[in-house]
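Report on the structure given below.
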Amino acid sequence: MKDAIRAKALELGFSQVGFAAAAAPPGWKADLAAYVADGRHGDMGWMADTLDRRADPQALWPEVRSVVVLGTSYAPKGDPLDLIRRPERGVISVYARNRDYHDTVKKRLKALGRWLAETTGCALKVFVDTAPVMEKPLAGQSGLGWRGRHTNIVSRSFGSWLFLSEIFTTLEIEPDPPEPDRCGSCRACVDACPTAALDGDGHIEPRRCISYLTIETRGGIPAELRPLMGNRVYGCDDCMAACPWNKFAPPTTEPDFLPRVELTAPLLADLARLDEAGFREVFTASPVKRAGRDRFVASVLVAIGNSGRAELAVHVERLRNDPSPLVRAMADWAASALAGQGSGQL
Ligand code: B12
Ligand code: SF4
Ligand code: SF4
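Residue numbers for the sequence shown follow this note's numbering, beginning at 117 and rising by one.
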């Protein structure tokens, strides 16, 4: 059965498959509870609200017996960090340069689920970051990879560039052995983090993470972190890209994940011009829509403030009169940052 599931999953376009028991070791809940108690979830209130259901697959669905964990590679071609050295451009994270992976992966999960239910008669539920599921610990249990110091799953075949998703099933399936930790003495991801969000022991302070600051936070970006963000305007790949295991990852050929030309190296000047309608037009099927126009343009203004490009001041001035208070506040900051830095400096 495992071989048949694996073969069908690969045929449908998944990159890697593992099997885990639907049981939660007690440590999961304690770790998640400690994270929430420390306030690390920040504005992601759902993490506190769903803690009990999330920490145990059987609390979410009592009939579940096994979890099929699926990895989908989105490995980029070339070094995604090259753009960081081009301050007039905005960096959109690799995973968000084309269609929303939730949609692409969900379609495949449903096809695999349909086949599994028809073949075995089992009951099942499918998830791709769509329900309170602890995807990384499950993937770690299933042998897909180990949890790296950047806190995400690293696969020997696909490095850090894997989206995770799951099929919860009533079938009893023999679990795969977990993959041992292969980080060794490496600390490349920890050292690469621009905001020192990683402690080196496998923990993250999300409230310092650029991914959180550009996608999740509701309260604006703290002033002391803005200069550290450089030109990253949506998400961040630095810790993922630093991982030496990526050298084994073949670049994805999935059309939905190949970068759209206009999102590969967009000019900050163009991004700063986006109004609501323009934002919706450019980002309608993309994960970037999650940020919304105001928060996205606020991040663009931070990048402009960090760019040292005096010619971008004209966009900043216009946005100082924007209807959004968040955009106006970030435009004021960008204006003083540009004035302080002078033209052409980083
Ligand atoms: C909330 C969230 C975020 C938050 C918080 C991140 C975090 N690490 O907690 C923010 C917005 C910052 C974020 C950013 C990103 N995310 Co995110 N995120 C999630 C989400 C929704 C929940 C993660 C979670 O539960 N965090 C809470 C803590 C408690 O969980 P944890 O990290 O597993 O905590 C464990 C460790 O503390 C560990 N632990 C304890 N002690 C020790 C000691 C050692 C030595 C070690 C190694 C571990 C360890 O035990 C804890 C619990 O078991 C998942 C999807 C999901 N539903 O699971 C995606 C997910 C983790 N994200 C993902 C991605 C791709 C990203 C980004 C790369 C996106 C980007 N390019 O901007 C960045 C990477 C940042 C980073 N270094 O983590 C992928 C990761 C895929 C993978 N290969 O693992 C996921 C799985 C989504 C998906 N379906 O593919 N994310
Ligand atoms: S995504 Fe960026 S900011 Fe967040 S932990 Fe990784 S390197 Fe640091
Ligand atoms: S960069 Fe090094 S420490 Fe970080 S996940 Fe990869 S191997 Fe582990």
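For every residue, glycine included, the Cβ atom is placed at its ideal position computed from N, Cα and C. Predicted model, so just to flag it, every value in this text is computed and none were measured.
Report the residue from Ser452, Leu390, Arg409 whose alpha carbon sits nearest the alpha carbon of Ala339.
Ser452
Over what stretch of residues does the beta strand (DSSP E) that includes Phe243 continue unbroken?
240–243
What I want to know is whether the C-beta of Thr369 ends up closer than 6 Å to one or more non-hydrogen atoms of ligand 5.
This structure lacks ligand 5; its bound ligands are ligand 1, ligand 2 and ligand 3.
Does Gly318 come out as helix, strand or coil in the three-state DSSP assignment?
coil
If we ignore side chains and look at the alpha-carbon of each, how far apart do Arg182 and Gln257 end up?
Here residue 182 is Ser; the residue named in the question, Arg, does not match the sequence. The alpha-carbon atoms of Ser182 and Gln257 are separated by roughly 11 Å.
Exposure label - Glu295; buried when at least 16 CB within 10 Å:
buried
Where the alpha helix (DSSP H) containing Asp176 begins and where it ends
Looking at the sequence provided, one finds Leu at residue 176 rather than Asp. Run containing Leu176: 173–176, per the alpha helix (DSSP H) assignment.
Residue of Cys355, Ala401, Ser301 minimising C-alpha distance to Arg376
Ala401
Beta-carbon proximity list for Gly143, same chain, < 8 Å, skipping 5 on both sides:
none
Rounded Cβ spacing between Glu282 and Gly129 (contact assumed at less than 8 Å):
Incorrect: roughly 16 Å between the Cβ atoms, too far for contact.
Residue burial classification, Ser276 (beta-carbon count within 10 angstroms, cutoff 16)
buried
Considering only heavy atoms of ligand 3 and the C-beta of each residue, which residues fall inside 6 Å, strictly closer?
Gly264, Arg265, His266, Val270, Cys299, Cys302, Arg303, Ala304, Cys305, Ala358, Cys359, Pro360, Trp361
Whole-Å CB distance - Thr368 paired with Leu341, under 8 Å assumed
Rounded, the Cβ-Cβ distance is 31 Å, inconsistent with contact.
What are the complete alpha helix (DSSP H) segments, minimum 4 residues, inside the segment 304–360?
304–308, 354–357
Any heavy atom of ligand 2 inside 6 Å of the beta-carbon of Cys238?
no
Say the cut is 6 Å; is the CB of Asp315 nearer than that to a heavy atom of ligand 1?
no
Return the chain-ordered list of same chain residues with a C-beta closer than 7 Å to the C-beta of Arg156, the five sequence neighbours on each side being excluded.
Glu321, Pro322, Arg323
In angstroms with no decimal places, state the Cα-to-Cα distance between Glu332 and Ser209.
14 Å
Please state the DSSP three-state secondary structure of Trp262.
strand
For Ile326, verify whether its CB is less than 6 Å away from any heavy atom of ligand 2.
yes
Are there any heavy atoms of ligand 2 lying less than 6 Å away from the beta-carbon of Thr311, as far as the coordinates show?
yes
Mapping the DSSP letters down to three states, classify Glu282 as helix, strand or coil.
strand
Helix, strand or coil at Ala140 [DSSP, three-state]
coil
Leaving out five residues on either side along the sequence, give the residues of the same chain with a beta carbon under 8 Å from the beta carbon of Thr267.
Lys252, Leu314, Gly318, His319, Ile320
Please go through the same chain and pick out, in chain order, the residues whose beta-carbon is closer than 7 Å to the beta-carbon of Leu383, but skip the five residues on each side of it.
Glu204, Arg205
Does Ser271 come out as helix, strand or coil in the three-state DSSP assignment?
strand
Taking 6 Å as the cut-off, does the CB of His218 come closer than this to any heavy atom belonging to ligand 1?
no
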